[in-house]
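Chains as they are written, first to last, in this note's numbering: chain A, 1 to 644; chain B, 1 to 255.
All residues carry an ideal CB built from backbone N, CA and C; glycine is no exception.
What follows is a single structure, written as structure tokens, with notes after it.
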């Protein structure tokens with residue numbers, strides 16, 4: 001199936017029938033590759049995070065030849081490592097009423113009814129296996145005194161189903177997957193290539209058959225051929241420049257596949273997390289998340305009057321606006337992420353922000369300290385307070401924290417069917433890089449679940465079906481398509497290196513980030529989005545005229561790497577705005593000012609927008625085509641989310 | 001871009017080396033208008049912005065998460081891996097710790113087993129090869145028993161977590177006068193030995209990992225304790241004691 005042949009209709013290949021048995025029945029229908037034949041197939045896995053690392057390990061264990069590449073110097077450093085809070089699973093160990101159905105329902109509702117029922121149900125089902133697997137690998141999850149696993153609560157759920165390893169859950173899960181991966185490297189099933197960046201997909205006879213990478217140490221372009229390609233390259237929150245993502249997180253791999261015809265779904269669904277340490281100046285390179293658990297005891301406020309420059313302790317209670325408590329009395333400081341972020345934006349837009357940049361609000365623990373005592377507050381939040389102190393040099397026991405929303409996660413990504421295959425046969429997308437499970441808003445502790453679910457438990461089944469059911473001739477890297485792709489990449493690198501202008505790559509990335517943050521961040525409207533598209537185009541034009549990229553292509557060259565990524569982000573940013581413009585409704589993290597209730601809440605339009613918006617590339621200077629996958633809700637009842 | 005808002009300035013003596021086999025040397029740079037709130041790496045970013053616009057080669061250094069968990073970054077600052085503060089990585093170290101006008105020496109993590117790639121970037125793939133030889137529990141996907149089948153004491157689990165917190169940055173090696181990797185290897189061995197599911201492979205694991213560690217050219221541990229002091233995650237020397245115990249146990253043929 002090629003995008004062009006779809007005639008605007010996308011088939012997710014979801015199995016029908018009862019939701020509860022879909023995955024089991026589907027597995028029964030999938031074709032198998034016999035043990036002796038698996039070693040005849042080569043699978044290329046790009047990325048070594050929770051999705052890529054788990055997939056490469058699992059496929060190696062099954063006996064496939066796996067080529068696994070990562071952009072970092074070691075697979076253990078993929079950005080999944082930075083996830084703090086935990087991983088959800090419907091184990092119901094606390095006996096508090098959890099079930100596979102409840103996890104499924106919470107995830108669908110949390111995504112504001114913009115995700116596919118079949119995929120989400122499978123995710124909830126497989127969540128329990130993930131915990132078993134990780135414990136067997138030696139992941140030191142938190143335990144009770146009796147020696148059994150313990151859980152904590154997370155946003156968007158009324159049960160405790162989050163497993164965690166202190167504030168380092170992502171790190172521990174990743175090290176588990178990394179161990180399994182290294183075991184397969186030792187066994188000779190996985191060939192590992194670190195410090196490689198994928199710069200193009202090689203498509204032969206309409207199927208994904210290989211990739212072109214740049215060796216980030218030598219600068220050499222390298223060809224890798226295989227029978228299928230798995231992209232596990234994460235999200236695109238760095239389109240905003242400042243985000244909680246890593247410096248090297250980027251969208252180049254998914255973007256270049258989009259340009260080969262893989263559809264890009266829901267690019268406007270980007271999550272802005274409310275509690276991050278605010279920006280201090282233009283020299284800053286990233287934003288750091290503070291766990292949302294802090295809002296259990298912290299009170300969020302700003303001065304009542306714009307331009308009030310007094311320090312927090314000089315502002316009496318009567319001149320403070322505890323705006324979340326005022327606007328959302330029922331939920332107070334514990335409103336969901338999207339609501340809290342938008343409210344913080346509203347008060348800073350009114351000129352009531354705090355700190356030197358005025359782009360922050362207070363998260364105040366003074367009342368908590370009075371009520372609970374310093375010791376209890378330290379017991380609950382000690383490590384977070386210490387981290388805040390390290391970064392800001394301020395003691396949150398004495399002065400209120402300053403926090404502000406920051407881009408964190410992207411629900412959008414390349415479109416995949418139930419088998420995690422994109423619209424390019426053989427190209428599969430796993431983890432944050434795909435769009436499939438979180439709709440318009442992801443719940444906390446669900447990203448880790450999805451990455452491992454895709455890699456350990458879904459792709460090992462569905463990849464076999466593709467390989468067994470597809471006539472795949474032998475292809476090696478001498479094929480003309482590889483030479484053509486390499487030439488294209490080489491020319492792209494050359495074009496970037498010709499830049500000898502007056503602005504750095506970072507300057508451009510910063511400006512792109514500002515355009516998107518202001519007009520396609522927490523709050524969007526048609527005028528602003530149209531403006532953003534114009535501004536991005538102008539900036540992109542200026543980039544190619546006036547960027548300065550030092551050094552050569554035949555060496556370790558960070559500036560060159562970043563230049564290529566930013567060039568792709570201009571294009572992706574434009575598509576993000578276009579998608580936001582197209583979606584004339586508000587849902588989850590997508591808030592269109594034109595579509596709100598009189599109280600300023602999201603106004604969803606199920607009659608017209610209960611679909612996945614998947615974009616098809618039609619040329620550099622042509623308008624992309626929108627394809628719609630209608631979302632069928634056969635099990636859940638579409639309801640309004642309200643937090644008043 | 002609007003003007004930088006910082007008010008501090010520094011002289012940086014930075015190790016420049018074009019490649020693994022090229023000669024290296026210290027080069028002095030001046031960096032102005034540094035905001036005390038930015039991180040050490042953001043200060044280096046700022047220097048690189050200036051160098052780029054002056055058509056000079058920016059200083060190569062590694063970093064990724066910039067919040068102290070991925071282990072990618074790490075340079076020696078005035079001779080100390082990750083700089084003057086304990087329990088912190090280079091990326092979370094702030095410029096307010098350095099008085100304005102001062103001279104700061106910046107070098108790569110130095111060890112035979114960590115060849116220099118360029119400037120401040122080193123190749124730490126030796127760590128991956130050590131892990132490859134047994135730094136895991138051999139369990140295939142799909143064969144895991146129910147997670148609560150084996151109770152593990154909270155204290156044991158917390159102890160294992162203390163070891164598992166290692167971020168693999170290599171500061172321990174850089175701090176050690178012998179460039180030993182005993183703390184790194186010990187942390188993984190201890191984590192997996194403490195846990196019942198990891199004990200099955202304890203003999204092979206420690207023998208193979210130590211064998212690889214020696215093969216990679218890491219030095220021998222002679223109890224200086226510099227590694228623990230430099231470790232951003234406070235991995236304790238107890239992990240080296242465990243490593244020795246396990247190695248002796250394996251050598252004696254105990255199961």
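Alpha-carbon spacing of residue i relative to residue j, whole angstroms
i             : j             : result
residue 459/A : residue 420/A : 7 Å
residue 295/A : residue 334/A : 6 Å
residue 305/A : residue 319/A : 8 Å
residue 1/A   : residue 473/A : Legend: pLDDT at residue 1/A = 42, less than 50; position of this residue unreliable, no value from coordinates given.
residue 19/B  : residue 594/A : 56 Å
residue 95/A  : residue 161/A : 10 Å
residue 571/A : residue 374/A : 50 Å
residue 214/B : residue 204/B : 15 Å
residue 198/A : residue 556/A : 15 Å
residue 623/A : residue 617/A : 8 Å
residue 72/B  : residue 36/A  : 39 Å
residue 175/A : residue 596/A : 44 Å
residue 152/B : residue 195/B : 7 Å
residue 102/B : residue 9/B   : 8 Å
Terminal residues of the alpha helix (DSSP H) in which residue i lies
i             : result
residue 159/B : 154-164
residue 186/A : 169-186
residue 427/A : Run containing residue 427/A: none in the alpha helix (DSSP H); it sits in the beta strand (DSSP E), 427-429.
residue 26/A  : 22-29
residue 118/B : That residue, residue 118/B, is in no alpha helix (DSSP H); its beta strand (DSSP E) goes 116-118.
residue 129/A : 117-137
residue 242/B : 238-251
residue 207/B : 202-215
Contact with chain B by residue i, beta-carbon distance below 8 Å
i             : result
residue 158/A : no
residue 450/A : no
residue 182/A : yes
residue 288/A : yes
residue 425/A : no
residue 99/A  : no
residue 1/A   : Per-residue confidence for residue 1/A stands at a pLDDT of 42, beneath the threshold of 50, marking its modelled position as unreliable; the derived number appears in the next sentence. Taking Cβ atoms only, chain B never reaches closer than 8 Å to residue 1/A, which makes this a no.
residue 110/A : no
residue 558/A : yes
residue 77/A  : yes
Short CB-CB distance (under 8 Å) between residue i and chain A
i             : result
residue 71/B  : yes
residue 1/B   : Its pLDDT being 35, under 50, residue 1/B is placed unreliably by the model, and nothing is read from it.
residue 92/B  : yes
residue 197/B : yes
residue 154/B : yes
residue 242/B : no
residue 170/B : no
residue 52/B  : yes
residue 246/B : no
residue 4/B   : Its pLDDT being 49, under 50, residue 4/B is placed unreliably in this model, and the value from its coordinates should be taken loosely. Yes, its Cβ sits closer than 8 Å to a Cβ of chain A.
Continuous beta strand (DSSP E) stretch holding residue i: start and end
i             : result
residue 266/B : Nothing can be reported for residue 266/B: it is not among the residues displayed for chain B, which extend from 1 to 255.
residue 9/B   : 8-17
residue 198/A : 196-204
residue 210/A : 207-215
residue 544/A : Unbroken run through residue 544/A is the alpha helix (DSSP H), 526-546; no beta strand (DSSP E).
residue 276/A : 270-276
Nearest-angstrom beta carbon gap, residue j and residue i [assumed within contact, 8 Å]
i             : j             : result
residue 365/A : residue 347/A : Contact flag wrong, Cβ pair sits at about 19 Å.
residue 88/B  : residue 390/A : 7 Å
residue 585/A : residue 605/A : 4 Å
residue 86/A  : residue 154/A : 7 Å
residue 559/A : residue 52/B  : 6 Å
Near the ligand NAD: residue i beta-carbon under 7 Å from a heavy atom
i             : result
residue 279/A : With respect to the ligand NAD, the structure offers nothing, as it holds no ligand at all.
Worksheet item: Three or more beta-carbon pairs under 8 Å between the segment 12-20 of chain A and the segment 135-146 of chain A, yes or no?
Response: no
Fill in: At least 3 beta-carbon pairs within less than 8 Å: the segment 460-467 of chain A vs the segment 52-66 of chain A
yes
Worksheet entry | Sufficient close CB pairs (3 or more, under 8 Å) joining the segment 150-166 of chain B to the segment 188-205 of chain B | yes
Discussion item. Under 8 Å: do the segment 115-129 of chain A and the segment 183-202 of chain A share three or more Cβ pairs, one atom per stretch?
Written reply: no
Discussion item. For the pair the segment 446-455 of chain A and the segment 467-484 of chain A, tell me if three or more CB-CB distances fall below 8 Å.
Written reply: no
Worksheet item: Is the segment 98-111 of chain A in contact with the segment 219-232 of chain A, if contact means three or more CB pairs nearer than 8 Å?
Response: no
Fill in: Stretch pair the segment 405-412 of chain A + the segment 257-277 of chain A: three plus CB contacts closer than 8 Å
yes
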